[in-house]
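For the sequence shown, our numbering assigns the number 10 to the initial residue and increments by one for each residue that follows.
Yeah, the Cβ is synthetic: ideal placement off N, Cα and C, and Gly gets one too.
From a predicted model like this one, the values you see are computed outputs, not experimental measurements.
See below for the structure under consideration.
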Amino acid sequence: VITAFFSDVQGFTSISESLTPHELVELLNEFLTEMTDIILNNEGTVDKFEGDAIIAFFGAPNYLENQAEVACKSCIEMQKRLAELRIKWKELNKPELKMRIGICTGQAVVGNMGSKNRMDYTMMGDTVNIAARLEGVNKIYGIYTLISETTYKESGNKTMAREIDSINVVGKKEPVTIYQLLGYPEDIDERMNKTIDNYSNGLYAYRNQDWEKAGSFFKAALELTPDDGPSKVMLLRCDEYKINPPPKDWDGSFTMKTK
């Protein structure tokens, strides 16, 4: 069992076009160094870099008893450090990078894979695919860190997350319940707690196909936190389902059209 980690920089293609090759390499190396240091300090294994993307995992080769918790802690530390770097980059007129993260805990095959002449110590399997998908799914809900239900259940109570939705990801039959990692409990203020409560009530009504009631909860969440991406998405979805309801055997999950 491992916890797979995928991250990507938001809008990296357009950022890279605005910089000279030298500036781009300098910024990217600073970003990757800072983020990788946090993974390594938390006993994670960096699998590879793909341009601006970081692929890593926790729980191999060294066994980590509380790997889901450690992975969540790493994500929080990375997003906090990146927020500090954005302040610095802004003063230097550099692009302010934002990063999307997806993590999933579960079974995976880990080992040296490749050709006779070139091997990579890497991971394969469903868990890995889900983590990669979740990283991209952040985009749909306007958020930055998504974790799978398995990670959520095994991460303990030292970190805070909220249930966002149940989704059908490309290439997987069973729906996956996804959670937004919010930070440590002390990071969550009263306003955000109320927003989370409204969202949670809205999600319950939404799954019971009570679009009016669900919509009113999502609106209440947005009055408290106007830029709450998931509430915006769900409110729109409620309006759409009022006009075109889902099929009779709907299980409450949303089907992703893209990877």
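query, result
"Restricting to runs no shorter than 3 residues, where is the beta strand (DSSP E) found entirely within the segment 81-131?", "108-115 and 118-123"
"Determine whether the Cβ of G111 lies closer than 8 Å to any Cβ atom of chain B.", "Going by chain labels, chain B is absent from the structure shown, which holds only one protein chain."
"Of all the options E39, V185 and Y215, which has the alpha carbon lying nearest to the alpha carbon of L143?", "V185"
"Under 8 Å between the Cβ atoms of Q19 and M108?", "yes"
"What are the boundary residues of the beta strand (DSSP E) that includes Y188?", "V185 to G192"
"Hey, could you find the ends of the alpha helix (DSSP H) S242 is sitting in?", "Note that residue 242 corresponds to Val in the displayed sequence, not to Ser. V242 -> alpha helix (DSSP H) spans G238 to I252."
"For the 8 Å Cβ check, are there 3 or more pairs between the segment 150-164 and the segment 195-202?", "no"
"Tell me whether the beta-carbon of G238 lies closer than 8 Å to the beta-carbon of F226.", "no"
"By a C-beta neighbour count over all protein chains shown, 10 Å radius and 16 as the cutoff for buried, is I252 buried or exposed?", "exposed"
"Grouping DSSP H, G and I as helix and E and B as strand, with all else coil, what is K162?", "helix"
"For Y250 and W220, what's the separation of their Cα atoms in angstroms?", "7 Å"
"Once DSSP output is grouped into helix, strand and coil, what is the label at K167?", "coil"
"Using a Cβ-Cβ cutoff of less than 7 Å, which residues in the same chain neighbour K103 once the five nearest sequence positions on both sides are dropped?", "L36"
"On the three-state DSSP scale, how would you describe A230?", "helix"
"Using a threshold of 8 Å, state whether the C-beta atoms of I149 and R90 are closer than that.", "no"
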